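Residues in the sequence shown are numbered from 1428 upward in steps of one, following the numbering used here.
Built from N, CA and C at the ideal position, the CB exists for glycine as well.
Remember, it's a predicted structure, so these values are computed and weren't measured experimentally.
Working notes, beginning with the structure itself.
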Amino acid sequence: MANRNITISDNVMHDLALDHRDMTAVLVTYATDVTVSHNEIHDMPYTGIAIGTAGAPTTPEAVRTTSTAASTTSSPSTPPPPR
């Protein structure tokens, strides 16, 4: 597997996915040895962190040794503006 030894840490992510509201801030699929840590994710319309999805298998070959630690996510405090 080519995607390995990835670290996503110490980030602030907010107000993303404004056009495509079903997107996530961090999506991990088909990767090995991934760490998602110490991130602040807020005001996302859908999901902050997704590890494996219905469209991508979560078999040991697809997502292996993935961990999240001390990352916080929260939903928007107000509804999105009308389109």
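Asked, Found
"Run of the beta strand (DSSP E) containing M1440, from where it starts to where it stops", "1439–1441"
"For D1446 and G1479, the rounded distance between their alpha carbons", "22 Å"
"Of the listed residues V1455, N1432, D1449, nearest to Y1473 (C-alpha basis)", "D1449"
"Simplified DSSP state of A1477, which is helix, strand or coil", "strand"
"Whether A1477 touches L1454 by CB criterion (8 Å)", "yes"
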